[in-house]
Structures are given as C-alpha cells and as structure tokens.
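A short write-up of the structure that comes next.
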C-alpha cells in the first residue's frame, strides 16, 4: 500500500464479503484492490452519465401527453 492510502471501515453483507474474499484469492489480489477498482469504475460511469446529461440539456422536451397526441396523430396508436 502506498502512503497516500486512507483506511476506512466498510461493513459487507457476509455472503458478499465471502465472494469478494474468494475473488481476491482467485485473482491473487487484495480485497482493497478489488474494492478500489470497483469504486473507480462506478465513479467513472457516473461521470459518463453526467456528461451525457449535460450534452442533452439543449434537446427539446416533450410532455407525455404531447407524445401520446403525436403518436395518435401519426397513426402509431
């Protein structure tokens, strides 16, 4: 571990903890490495989602009622 790491207590469901321990042993990695990688992936996914939302801010919006009216007007429903 590097000197820049921080210690934290996390409470896992017992079955989840057992699965993580098995995965760590199978991958020859520490539980901390596996959890850190999973958290990094989750945060990166959040960042991608936020970027996608930002890109779509300028898109026009339509109410549900307007959508139904449009579908009906075009013979879709």
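Numbering (the numbering used here), first residue to last: 4 to 80. C-beta: ideal position from N, C-alpha, C; glycine also. What you are looking at is a predicted structure, and each value in this text was computed from that prediction instead of being measured.
Do residue 37 and residue 27 have their CB atoms nearer than 7 Å?
-> yes
Determine the closest residue to residue 9 out of 66, 62, 39 and 48, with distance taken between C-alpha atoms.
-> 39
Start and end of the alpha helix (DSSP H) containing residue 60?
-> Run containing residue 60: none; DSSP gives neither H nor E here.
Is DSSP giving residue 37 helix, strand or coil here?
-> helix
Alpha carbon of residue 34 to alpha carbon of residue 54, nearest angstrom = 30 Å
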